[in-house]
Each structure stands twice: as C-alpha cells, then as structure tokens.
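For the record, the sequence lines run as chains A and B.
5 is the number of the first residue of the first sequence in this note's numbering; add one for each residue after it.
5 is the number of the first residue of the second sequence in this note's numbering; add one for each residue after it.
Notes follow once the structure below has been shown.
2 protein chains.
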Amino acid sequence: MRPEDALPPILDLDRLVHEPARLTILTVLAAAEEVEFLYLQRVTGLNKGNLSSHAQKLEAGGYLETVKAFRGRIPATSFRITAAGRSALQAYRERMRAFFGA
Amino acid sequence: MRPEDALPPILDLDRLVHEPARLTILTVLAAAEEVEFLYLQRVTGLNKGNLSSHAQKLEAGGYLETVKAFRGRIPATSFRITAAGRSALQAYRERMRAFFGA
DNA sequence: CAATCAAGTTTGCATTGCAAACTGGTTGGA
DNA sequence: TCCAACCAGTTTGCAATGCAAACTTGATTG
Numbered sequence: 005m006r007p008e009d010a011l012p013p014i015l016d017l018d019r020l021v022h023e024p025a026r027l028t029i030l031t032v033l034a035a036a037e038e039v040e041f042l043y044l045q046r047v048t049g050l051n052k053g054n055l056s057s058h059a060q061k062l063e064a065g066g067y068l069e070t071v072k073a074f075r076g077r078i079p080a081t082s083f084r085i086t087a088a089g090r091s092a093l094q095a096y097r098e099r100m101r102a103f104f105g106a
Numbered sequence: 005m006r007p008e009d010a011l012p013p014i015l016d017l018d019r020l021v022h023e024p025a026r027l028t029i030l031t032v033l034a035a036a037e038e039v040e041f042l043y044l045q046r047v048t049g050l051n052k053g054n055l056s057s058h059a060q061k062l063e064a065g066g067y068l069e070t071v072k073a074f075r076g077r078i079p080a081t082s083f084r085i086t087a088a089g090r091s092a093l094q095a096y097r098e099r100m101r102a103f104f105g106a
C-alpha cells in the first residue's frame, strides 16, 4: 500500500443515529405512526431523563418531532419520526450492512 | 403493555467495540495475522494520536496485543487481535444483525 | 389540604474522542 | 561534526457526550 492510496474513512457513521439509545428510539419510531413517551420508555429501557434528552437531540437534528397533547388533563408527549429521520436510519443500516459485508 | 413487562435493554452493545474507529481497527485486525501501525493508520484513516489511544483502549480491554519490534533500527509497532477481541467483534456483529432483523 | 404520584426537564459530573503538541530517536546535508 | 528535518508513536488539553440524580409542575388521593 503506497501512501497515495490513503483511503477515505471506511466507516463514516451518523453519530446522532449511532448512539445505541437513539438507534433504538429511531427504530421503534420507524415501526409506528406515533409513539407515546411512556411506551417508548418501557420499550427502550431508558429512564425518563435520558429518553427526554436523547429525544431532544433527535429533534434538534430534525429526526423526530414531538407532539404535546393531553390525555384527560394529564400532559402526554408523543413522538413521530420525520422523513429525515427515516432516511438517516436507513442510511445508517446500509452503511453497517456494507461494512460487515452483506 | 403493563409495567411489569418492562423489557431488558434491547440493544446492549459493547462500547469498546461500538466506537467506529475501534470497530474498524478490530475488523482490520480480524482479517490479518499481524498489522503494522502505519498500515493500520492508512487503512483506517485515523491520525497517529487517535490510533495510538484507541489501540491502547483495546489493549486495556484485552482485545488486542501490541508487538514492539524494530525494522532496521527504526521502531515499528504492530498489533494482533486476541481471542477475546475476536469474539467481542463477533458478538457485536451478531447483536447488530439481530437488532436489524437478519 | 398535606402528601403522594405522574410526566417530563434540567443539572452535575465523569468519561470520551479528537486534534495538537510533544518526545525520543534517526537520517541527510553543509 | 553539528543541526535541521523527519519518523514513529505517546501524551496532553479541551469540548462534547451520555448517564443518573435532583428538580418542577400539576393532578390525584387520603
């Protein structure tokens, strides 16, 4: 291998997706229309604090949107994945698959 | 879903492997007997500093071993993956594959 | 109406990864 | 011979991250 052959980074992953907690969140959201905070918390095994902050990061990155509503008089937060989120997840999957060689 | 149904974490990944730089390093090492520092640097696209520190972490975790030698009078460092490293990588791959559903 | 619970959010901290600076030795040139 | 440039790698400094615990706001219960 000659120096000129220096390769571009082999594994260039979207860090926003790469974090396991967020990867899990996105994967769950990708499978459903809209998901409630508490349901998501149980499925992911995250505590409220971390779910809240990871969701905020995903929202800041445009990968999900937060829907604030009330169930009765109690506030209930739900999430939806955005188109950008869906394709980021898709791209992430494909890079991983490619890296591991089909 | 009732509270008692709280699931164990869905995606429990070995953080030592999960970091893209280290995942790349391990994957390269898994494919060869022994790999020299500079070669590894070019293939991974990491700078020396980061390759050095990631390799140290992998070594601390028992996933690779460092072989110090000389080529002529110039020091040359090489790495080998250990059995533990190989199986950690394998386990990581399988978890990912399982998570993404075959 | 005090205490408890529900639903999230914010805070504090220890850990990380990254790039830049540094070290110890070697080679080439004047 | 002396010193500047270079090679091979390590250490350092810092900003960003993830995690758990503490906090907030409001609703319900005894």
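Note that beta-carbon positions come from the ideal geometry of N, C-alpha and C, so glycine has one too.
Chain A contact for residue i (CB, 8 angstroms cutoff)
i, result
"residue 15 of chain B", "yes"
"residue 104 of chain B", "yes"
8 angstroms Cβ cutoff, residue i in contact with chain B
i, result
"residue 97 of chain A", "yes"
"residue 33 of chain A", "no"
Own chain partners of residue i with C-beta closer than 8 angstroms, once the 5 adjacent residues on each side are dropped
i, result
"residue 18 of chain B", "92, 95 and 96"
"residue 20 of chain B", "26, 61, 62, 65, 67 and 92"
"residue 36 of chain A", "none"
"residue 71 of chain B", "38, 81, 82, 83 and 84"
"residue 11 of chain B", "With a pLDDT of 47 at residue 11 of chain B, under the threshold of 50, the modelled position of that residue is not reliable, and no figure is offered here."
Residues that residue i contacts on chain B, provided the C-beta gap is smaller than 7 angstroms
i, result
"residue 79 of chain A", "Going along chain B, no residue has its Cβ under 7 angstroms from residue 79 of chain A, so there is no contact; the nearest lies around 19 angstroms."
Chain-order list of residues whose beta-carbon lies under 6 angstroms from that of residue i (same chain, five-residue window excluded)
i, result
"residue 5 of chain B", "Here residue 5 of chain B scores only 38 on pLDDT, less than 50, and its place in the model should not be relied on; the value that follows carries that caveat. Same-chain partners within the cutoff: there are none."
"residue 105 of chain B", "none"
"residue 85 of chain A", "33, 34 and 68"
Other residues of its chain near residue i: CB distance less than 7 angstroms, five sequence neighbours each side excluded
i, result
"residue 88 of chain B", "66 and 67"
"residue 52 of chain B", "45"
Residues bridged to residue i [DSSP beta-bridge criterion]
i, result
"residue 72 of chain A", "A:81"
"residue 47 of chain A", "Residue 47 of chain A pairs with nothing; no bridge assigned."
"residue 39 of chain A", "A:83"
Residue closest to residue i, alpha-carbon to alpha-carbon, out of the options
i, options, result
"residue 49 of chain B", "A:86, A:84, A:83 and A:16", "A:16"
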